[in-house]
Every structure is written in C-alpha cells, then in structure tokens.
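In the working numbering, the protein residues as written are 1 to 338.
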Amino acid sequence: MKFAYIQDMVGNRGISSFRVTDGKAYEFDTDKPYAPSFSPAGLTPDCFLNSYNYPFLFNDAHFIEWSEFKEDLPDLELDLIFLVIERCLGRQDEFPWARFSNIRKKYPNAKIVGYVKEIWMGKPYDYEDPKHKARIEFLKKCDSVIYNVPEVKPQFEHLVESVGKPFNFVSLPQNIDYYYDNFGNDKELAIWEYVPYQIERRHRTNEFTEYISKKYNIPVKRKSFTSNQDFNHLHIVDFVKQWSSCLFHFNLDPIDYYPGNQLVQVISTGSINLGGVNDYHHLLCPETATCDFDVLEKRFVEYLENEEKRNEIRQKSWDRLNKYFSFEAVREQIKNIK
C-alpha cells in the first residue's frame, strides 16, 4: 500500500518532508538517511515519534510537509492518505494552497482520512470559534476520520455529531523494540520528575516528587534548564537517556484530554510511571492513573519494597503497550478504519 501522511504546516518542530523505505527515513528526494536535526519529532533515521511514525508502518511511504510544496504537490501514486489541516484552517486567504480539493485533485485514487491531531482548534469548548467550524467542514469532505484517543470524550462529542461520521481510534505507533534495545538499560533507584512544557500540566508533580524523595530517601533527577534556554535545548536522544535511567517516572498531569505520549515512551524503556490522567495513562497504567497522593504513595511503596510487584506492573504495562501501540497493532487498527 502506498501511503502518505500529509500535514499542512509543522511549525517550529524542525522536521521536513521525508520518505521511508524498509524501516528507515531518507530525505524526500535523495538517498541520504534523515532525522530531524534538533526536534522532538524523531531520534534517528530508524526511530521517529508520535504521528511521524505512521510512514514507518509501510514499506514505501512519505511524510509531506505541505507548506514546502504548496500548489506543487509531489507526483506520487497513493492508496491511503492521513491528512492534517489545522494551522491553516479558516485561513484560505492567507494559505490558498491549503485546500482539501487540492489533495483530492492531486491524488484522486487515494482514500483520504482526516486526522484529528490536536484536540482544540481555537479556544477550548468554544464551538462557535471559526477554526472549530472550519475543521468540521474539512472532516466532512474526508472519506474517513481518525483520532488518537481511545474513546469519544465530551470534548469530542460536538465534533463527532457535527461531522456525522464514525471517529476511528488509531493510536500513535511506537517503535517499542528500538526504545527497549537502546534505552531499556539497568535502572537506578531514582525518581525522574517529568516537567512538560505547558505549566498547567505540571500540576503538583514537583510537590509529590519532593515529598516521596524526602520521606523515602530516593534521589530525584529532572531536566535542567535556565530561564534563557529554549525548553527543548536537549537533543531528544540525550533527554530519553536521562529519564530512562530512572526506575520511577513521576508525571501527575491533571488534564484528561491529552493523549499522554510521554507514557508510551516510558513503558517502552521499562521504567515505572506514577501519576497522571491522560488518555493513555488509563489505557496503559490504570493502577496509577490518578493524581491522588495517597493512592500513588501506596503504589510507590508497594513497587519499592516488593520486586515481584515491580516486575508484575512492568509486564502488565508492557503487554498493554504492545496491544495498542506496536506497529503490528496500529496496522490492524488502520485496516479496520470505517
């Protein structure tokens, strides 16, 4: 199957169009192996992250950053397209090339699947926002619709009802074996305090981390940066090496409408996550998918003092991870798109 993941505009993530052949990414028009030079979108030519992993599910596939080509889309024979139009929604005067009709005309034989990548277009819960309305019209034109959370939450109900099509769950594929082979090292008895970019998602993670660290005399590691540094100053490979060295990973993200991509990576390395209520937290680690200090402390002590319990939760999480996020599992989800 000839596949392309097309995104209207990537923004500041530092990733360009690329192609994938036999599980390796190459520059779009050359035979030079490709990985983003400094971006959380990919680690190496063999391992990308999140949505940028979709092309790796196929033997001959492409990622097309549409704004690089505009009206001059590449000549490809495609069977299946995952299409994201988000940054340019409702801005056709500014970005006249970013129209669904241009994709349909260029690739008439392809099944075009609208991909709901971000939760909100415009202000959260503002169903009158022009961007929200523009996304509804875009998705209506698509042959099918996918999104990356496992159930229709209240945030999506208006969108689903307005589009009038099934919303298919297709998870974000994870190169599990690559992560485990490269980062599943022996773990230090230490806590990694995960600090996301969005301040509201940090919640009480620091408070809980400091409390557990002092009470049980467990060292803490965290990403270091100063006020004048870019948040993503560490290369993604160096960042993963840092947090994957810790046995415990604390992330008390209180916002339930984010997928929880960090957790997928954490389990892939064999670390144990505590906290958070993102979608994937409930799917992969229901035992610790909470921000309740009492519940989390009880689980922490159980895992700290009982090796059998540690191994049990790691195996359960690993099995769930493979069930939903392995390349094989996501290929099956794609086959079942309605």
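Backbone N, C-alpha and C fix where the C-beta goes; we use that ideal spot for every residue, glycine too. The structure presented is a predicted model; accordingly, all values stated were derived computationally and were not measured.
- Here DSSP, grouped into helix, strand and coil, assigns Leu234 to coil.
- In the three-state scheme derived from DSSP, where H, G and I count as helix and E and B as strand, Pro55 is classed as helix.
- Under the three-pair Cβ rule at 8 Å, the segment 258-265 does not count as touching the segment 208-219.
- Going by DSSP, Arg202 is part of no alpha helix (DSSP H) at all; its letter is neither H nor E.
- A distance below 6 Å between beta-carbons, with the five flanking residues on each side excluded, links Val240 to the following residues of its chain, in chain order: Phe183.
- Using a Cβ-Cβ distance cut-off of 8 Å, the segment 243-252 and the segment 269-277 are in contact, since at least three pairs of beta carbons, one from each stretch, lie closer than that value.
- With a threshold of 16 other beta carbon atoms within 10 Å, Glu71 falls short and is exposed.
- The Cβ atoms of Asp79 and Lys141 lie no closer than 8 Å to each other.
- Judged by beta-carbon spacing, Asn59 lies within the 8 Å limit of Asp22, meaning their Cβ atoms are closer than that value.
- The bridge partners DSSP lists for Arg222 are Glu193.
- Under the DSSP assignment, Leu274 falls in the beta strand (DSSP E) whose first and last residues are Ile272 to Leu274.
- A Cβ-Cβ contact shorter than 8 Å links Tyr115 with Val84.
- Bounds of any alpha helix (DSSP H) do not take in Val170, whose DSSP letter is neither H nor E.
- For the segment 106-131, the continuous beta strand (DSSP E) assignments of 3+ residues that do not extend past its boundaries occur at 111-116, in sequence order.
- Taking 4 residues as the minimum length, the alpha helix (DSSP H) runs contained wholly in the segment 263-301 are 279-284, in order along the chain.
- Per DSSP, Leu321 lies in no beta strand (DSSP E) segment; the continuous alpha helix (DSSP H) that holds it begins and ends at Glu307 to Phe325.
- Spatial neighbours of His132 in its own chain (CB-CB distance under 7 Å, excluding positions within 5 residues in sequence) are listed in chain order as Met121, Gly122 and Asp126.
- When C-beta atoms of the segment 310-327 are compared with those of the segment 160-176, three or more pairs fall below 8 Å, so the two segments count as touching.
- DSSP places Ser67 inside the alpha helix (DSSP H), whose first and last residues are Trp66 to Phe69.
- For Gln7, the enclosing beta strand (DSSP E) covers residues Phe3 to Gln7.
- In the three-state DSSP reduction, Lys165 falls in the coil class, being neither helix nor strand.
- In the displayed model, Leu73 falls within coil according to three-state DSSP, outside both helix and strand.
- A check of alpha carbon separations from Ser39 across Phe167, Tyr179, Ile64 and Val10 identifies Val10 as the nearest.
- Here the alpha carbons of Leu283 and Leu252 stand approximately 16 Å from one another.
- According to the DSSP assignment, Glu27 belongs to the beta strand (DSSP E) that extends over Lys24 to Glu27.
- Boundaries of the beta strand (DSSP E) harbouring Thr21: Phe18 to Thr21, taken from the DSSP string.
- A straight line joining the alpha-carbon of Val170 with that of Asn336 spans about 9 Å.
- Spatial neighbours of Lys106 in its own chain (CB-CB distance under 8 Å, excluding positions within 5 residues in sequence) are listed in chain order as Leu73.
- With contacts defined by Cβ atoms closer than 8 Å, Tyr34 and Pro45 form a contacting pair.
- According to DSSP, His62 shares a beta bridge with Ala4 and Arg19.
- Across the structure, Glu307 and Arg314 are spaced so that their CA atoms are roughly 11 Å apart.
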